[in-house]
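In my numbering, the protein residues as written are 860 to 1014.
1) So, using beta-carbon positions, are residue 939 and residue 991 closer together than 7 angstroms?
2) In terms of DSSP beta bridges, what is residue 982 paired with?
3) Could you check how far apart the C-beta atoms of residue 976 and residue 944 are, in whole angstroms? I think they sit under 8 angstroms.
4) I think residue 953 touches residue 916, with their Cβ atoms under 8 angstroms apart; what is that distance to the nearest whole Å?
5) Could you say which of 893, 958, 968, 926 lies nearest to residue 908 if we only look at CA atoms?
6) Taking residue 922 as the reference, give the member of 983, 948, 967 with the closest Cα.
Rendered as structure tokens:
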């Protein structure tokens, strides 16, 4: 009995699926809070827990993850309403339309915020959820209109 107990501890688990080595209370934050209004997440390097609907499932591709977005966020144009969840080598964790809770560590990767998770850090709470309405981001060109940008390329 004691021998099995120590094996379970060594695997990172203590009976009942409670993870060892992780804080018992990982802060629950919105995706908008994870993204923050700056160029780098205010939660970079920290563990977080958040929820959203899977709007893009790329866990079986080279991207090795999926995008989640809440049904609504903070209404602030300076914060992103979606985030990429990096799942690594794990495949088929989710499907588009799944409402999921993810728990992982926030990181910046090539200038983009992502949450890196282990398989036990992804919980599917519901399937077949409606996808949030797409949001057109027109702020990326620093106020330059698409027409002006197109004209600059042509001339």
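We treat Cβ as the ideally placed atom computed from N, Cα and C, and that holds for glycine. For clarity, every value in this text was computed on a predicted model and none was experimentally measured.
Reading from the atomic positions:
1) no
2) 960
3) Indeed they touch by this definition, with Cβ atoms about 6 angstroms apart.
4) 6 angstroms
5) The residue with the shortest Cα to Cα distance from residue 908 is 893.
6) 948
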